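J.: Structure in C-alpha cells, see below.
In the numbering used here, the protein residues as written are 36 to 469.
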C-alpha cells in the first residue's frame, strides 16, 4: 500500500502573520483598573484599528488648511456631492467618513475621512489635531492649494513624526496655466523635508461662461483627479492590505510603549525601594561570608530573587529558572563588576587563610576588603535592577515591534515600507528607570 503524503503547508503571508500575532497579543494583554482608566483613549483607538484589520477596512484621512478643497476632493473621488462644500470655506467642523466605492484586492472597504481645517486653531492645537488624525488613519493625504505655507510645513512635520504614510495633493491646479505646473511642483518638492508623492488635481475646477446679457460668470466643470486615482489605486491594489496590517502593528507597538512607560512611571519609587533592600541584603551577605563559593551562590540567589520581585512588580510572570537565564543574558553588562567582586572575594579568602601563619595580622586588611565588597555589591545590585527593569519591559514575548523587525528582515516589501515611513520618534525611558 502506497503511503500518501500531503504537500507541506506554505508559510503564512506577512499580512496573515500580523493578524495572528495581533490577535494573540491582544488576547493576552492584561491591564490593571488604573491602567485601563489612564489609557482608555489609546486602548479604544487600538481596538478600532484591530477591528478595521479584521474587517479589512483601510482608512485614508484628508488633511489640510481651511478652504483648500478637502471636501471637494472627497466628493470628486466618490463621484457624488455627499459632503457639504461652500465658497465661504470652513464647512467641515468635525471628522466625517465616507466609503470610496472602488474595488481593491485584499480590502473590503476604503474610508475617506474629511477633517477640520488646521489653520483656525493655534500651533499646539494643530499639532494635537494632526497627531490625532494620523493615529486613526492608515494613509494621510495632505491637501494644499499653493506653495507650502508655514502652517502646511508645521502639519507636515507633525504627520511625518507619527510615522504614517503621507502623500501631498496640490488642489486647484486649474488656477495656473498648465505650462506653470512643473515649476510650481518643483518649488514644493524643494521645500519638503524628504521625498514624498505629490499630485496636482482640480477637484472642483471653475470655467468662465458668457451669459446672454454679456456678463461673465464661472461654473463648475468636471473634476480633474485622474492623476491622483492613477497614483493611489495601483499602490493600494499591490500593498493596501499589507499597509493596513503594518499600521495595525505600529498602533499596537505604540500602545504597548505607552503602557510600559506608564508602568515604569507608576512603579519607579517601589522599584527603587525593592532594589535598595536587596542591595543591602546582598552587601551584608557578601561582606560577612568567608567562602568564595558562598559569595557567588548568595549573590546569584539575591539577584534571582530581585528579578522575580521586579517581574511581579511590573506584572510580568517569570519562573526562577527563567530569572536565572535572564541574569545570564545580562552578565555581559556587569562582567567587569563581577570580575572585581570575584577578585575581592579571593583576596578576602586568602587573608583569612593566612591568619594562623600571620598570628592574626592578616585580619586587619579583611575589613576594608569586606567594605569594598559591600559597596560594590550595592552598586552591582542597583545596576542589575535598572537593567532588569529595562529588559523586562522592552523584551516581553510577542511584542508587535519585534514582529515588525522580523518582517522587515524577511519581506522586501515590508522593508521598503519601513524605509519610506520610519517609526515615530520615541522618548527615552531613562528618566523613568529605577
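Quick reminder that beta carbons are idealized off the backbone N, C-alpha and C, glycines included.
All values reported here derive from a predicted model rather than from experimental measurement.
Quick one: is residue 275 buried, meaning 16 or more other Cβ sit within 10 Å of its Cβ, or exposed?
T.: As a working note, residue 275 is residue 240 in the chain shown. So residue 275 counts as buried.
J.: Hey, residue 205 and residue 220 are a contact pair by Cβ (cut 8 Å); roughly how many whole angstroms apart?
T.: Your numbering for residue 205 matches position 170 in the chain shown. Your numbering for residue 220 matches position 185 in the chain shown. Correct: roughly 7 Å between the Cβ atoms.
J.: Can you tell me whether DSSP reads residue 312 as helix, strand or coil?
T.: Here residue 312 refers to the residue found at position 277 of the chain shown. Looking at residue 312 - three-state DSSP - the assignment turns out to be helix.
J.: Please report how far the alpha carbon of residue 308 lies from the alpha carbon of residue 298, in whole angstroms.
T.: For the purposes of this step, residue 308 is taken as the residue at position 273 of the chain shown. For the purposes of this step, residue 298 is taken as the residue at position 263 of the chain shown. Roughly 16 Å between the two C-alpha positions.
J.: In terms of DSSP beta bridges, what is residue 478 paired with?
T.: In this structure the chain extends from 36 to 469, so residue 478 is not present and cannot be described.
J.: Is residue 259 helix, strand or coil by DSSP?
T.: Your numbering for residue 259 matches position 224 in the chain shown. Strand.
J.: So what's residue 38 in DSSP terms, helix, strand or just coil?
T.: In the chain shown, the residue the question calls residue 38 occupies position 3. At residue 38 the pLDDT is 44, less than 50, meaning the model places this residue with poor confidence and gives no usable figure here.
J.: Between which two residues does the beta strand (DSSP E) containing residue 188 stretch?
T.: The residue labelled residue 188 in the question sits at position 153 within the chain shown. Element bounds for residue 188: not the beta strand (DSSP E) but the alpha helix (DSSP H), 185-196.
J.: Should residue 100 and residue 146 be called a contact, given that it needs their Cβ atoms to be closer than 8 Å?
T.: As a first step, residue 100 is located in the chain shown; it is residue number 65 there, counting from the start. As a first step, residue 146 is located in the chain shown; it is residue number 111 there, counting from the start. It is not a contact, given that the beta carbons lie outside the stated cut-off.
J.: At what residues does the alpha helix (DSSP H) containing residue 449 begin and finish?
T.: Residue mapping note: residue 449 aligns to position 414 of the chain shown, counting from 1. Start and end: 447-455.
J.: Verify the CB distance criterion: does residue 171 have a CB-CB separation below 8 Å to chain D?
T.: In the structure shown, chain D does not exist; there is a single protein chain.
J.: Is residue 442 closer than 8 Å to residue 49 when the C-beta atoms are compared?
T.: Locating residue 49 in the chain shown gives position 14, counting from the first residue. Locating residue 442 in the chain shown gives position 407, counting from the first residue. In this structure, residue 49 lies near residue 442, with their beta-carbon atoms less than 8 Å apart.
J.: From residue 160 to residue 105, what does the alpha carbon distance come to, in whole angstroms?
T.: Within the chain shown, numbered from 1, the residue matching residue 160 stands at position 125. Within the chain shown, numbered from 1, the residue matching residue 105 stands at position 70. Residue 160 and residue 105: Cα-Cα distance of roughly 19 Å.
J.: Which same chain residues, not among the five before or five after residue 66, have their C-beta less than 8 Å away from its C-beta?
T.: Residue mapping note: residue 66 aligns to position 31 of the chain shown, counting from 1. If you ignore the 5 residues before and after residue 66, its C-beta comes within less than 8 Å of the C-beta of 74, 78, 294, all in its own chain and listed in chain order.
J.: Terminal residues of the continuous alpha helix (DSSP H) containing residue 50?
T.: Translated into the one-based positions of the chain shown, residue 50 becomes position 15. Counting along the chain, the alpha helix (DSSP H) containing residue 50 begins and ends at 49-63.
J.: If we call anything under 8 Å between Cβ atoms a contact, is residue 168 one with residue 103?
T.: In the chain shown, counting from the first residue as 1, residue 168 sits at position 133. In the chain shown, counting from the first residue as 1, residue 103 sits at position 68. Taking 8 Å as the Cβ cut-off, residue 168 and residue 103 do not qualify as a contacting pair.
J.: Say whether the stretch 201-217 touches the stretch 132-145, bearing in mind that this needs 3 or more beta-carbon pairs closer than 8 Å, one atom from each stretch.
T.: Between the stretch 201-217 and the stretch 132-145 there are fewer than three C-beta pairs closer than 8 Å, too few to call the two in contact.
J.: Helix, strand or coil, according to DSSP, for residue 339 in the structure here?
T.: Along the chain shown, one-based indexing puts residue 339 at 304. Three-state DSSP puts residue 339 in a helix.
J.: Check this for me: beta carbons of residue 165 and residue 193, under 8 Å apart or not?
T.: Here residue 165 corresponds to residue number 130 of the chain shown, with the count starting at 1. Here residue 193 corresponds to residue number 158 of the chain shown, with the count starting at 1. Yes; because the gap between Cβ atoms is below 8 Å, this pair is in contact.
J.: Which residues bound the alpha helix (DSSP H) around residue 68?
T.: Walking along the chain shown from the start, residue 68 turns up at place 33. Here the alpha helix (DSSP H) through residue 68 covers 68-73.
J.: Looking only at DSSP bridge pairs, what is residue 205 linked to?
T.: Looking up residue 205 in the chain shown gives position 170. Residue 205 is bridged by DSSP to 179, 235.
J.: Would residue 200 and residue 236 qualify as a contact pair, given that the criterion is a beta-carbon distance under 8 Å?
T.: Taking the first residue of the chain shown as position 1, residue 200 is located at position 165. Taking the first residue of the chain shown as position 1, residue 236 is located at position 201. In this structure, residue 236 does not lie closer than 8 Å to residue 200 by Cβ.
J.: Assuming residue 80 and residue 170 form a contact by the criterion Cβ under 8 Å, report the distance between their Cβ atoms to the nearest whole angstrom.
T.: In the chain shown, residue 80 corresponds to position 45, counting from 1. In the chain shown, residue 170 corresponds to position 135, counting from 1. At roughly 6 Å, the Cβ-Cβ gap stays under 8 Å, so residue 80 and residue 170 are in contact.
J.: Considering just the uninterrupted stretch of the alpha helix (DSSP H) at residue 132, what are its terminal residues?
T.: As a working note, residue 132 is residue 97 in the chain shown. Premise fails: residue 132 lies in the beta strand (DSSP E), 131-134, not in any alpha helix (DSSP H).
J.: Within the same chain, show all residues whose beta-carbon is closer than 6 Å to that of residue 118, passing over the 5 residues directly before and after it, in chain order.
T.: The count along the chain shown starts at 1 and reaches residue 118 at position 83. Only 106, 109, 110, 149 meet the Cβ criterion.
J.: Select from 69, 196, 277 the residue whose C-alpha is nearest the C-alpha of residue 449.
T.: As a working note, residue 449 is residue 414 in the chain shown. Ranking the options by Cα distance to residue 449, first place goes to 277.
J.: Spatial neighbours of residue 359 within its chain, please: CB distance less than 6 Å, with the 5 preceding and 5 following residues excluded, ordered by chain position.
T.: The count along the chain shown starts at 1 and reaches residue 359 at position 324. Same-chain partners within the cutoff: 339.
J.: Determine the closest residue to residue 151 out of 113, 190, 115, with distance taken between C-alpha atoms.
T.: Position 116 of the chain shown, counted from the start, is the residue given in the question as residue 151. Answer by Cα proximity: 190.
J.: Exposed or buried, residue 246, counting other C-beta atoms within 10 Å across all chains shown (16 or more means buried)?
T.: By one-based count along the chain shown, residue 246 stands at place 211. Per the 10 Å Cβ criterion, exposed.
J.: Residues in the same chain with beta-carbon distance under 8 Å from residue 455, minus the five sequence neighbours each way, listed in chain order, please.
T.: The residue you call residue 455 lines up with position 420 of the chain shown. Only 200 meet the Cβ criterion.
J.: Would you say residue 96 and residue 172 are within 8 Å of each other, going by their C-beta atoms?
T.: What you label residue 96 is simply residue 61 of the chain shown in a count that begins at 1. What you label residue 172 is simply residue 137 of the chain shown in a count that begins at 1. Cβ distance < 8 Å, so residue 96 and residue 172 count as in contact.
J.: My assumption, with CB atoms under 8 Å, is that residue 198 sits in contact with residue 435. Please give the rounded CB distance.
T.: Start at 1 with the first residue of the chain shown, and residue 198 comes out as number 163. Start at 1 with the first residue of the chain shown, and residue 435 comes out as number 400. About 13 Å; that fails the 8 Å criterion.
J.: How about residue 272 and residue 139: are their beta carbons less than 8 Å apart?
T.: Stepping through the chain shown from its first residue, residue 272 is reached at position 237. Stepping through the chain shown from its first residue, residue 139 is reached at position 104. Yes, they are a contact pair.
J.: Kindly indicate which residue of 341, 292, 286 has the alpha-carbon position closest to the one of residue 311.
T.: In the chain shown, counting from the first residue as 1, residue 311 sits at position 276. Ranking 341, 292, 286 by CA distance to the CA of residue 311 puts 341 first.
J.: Return helix, strand or coil for residue 241, following the three-state DSSP convention.
T.: The residue labelled residue 241 in the question sits at position 206 within the chain shown. Annotated three-state conformation of residue 241 is strand, per DSSP.
J.: Could you tell me if residue 265 is buried or exposed, where buried requires 16 or more neighbouring beta carbons within 10 angstroms of its beta carbon?
T.: Taking the chain shown and counting its residues from 1, one reaches residue 265 at position 230. Counting other Cβ atoms within 10 Å of its Cβ, residue 265 stays below 16 and is therefore classed as exposed.
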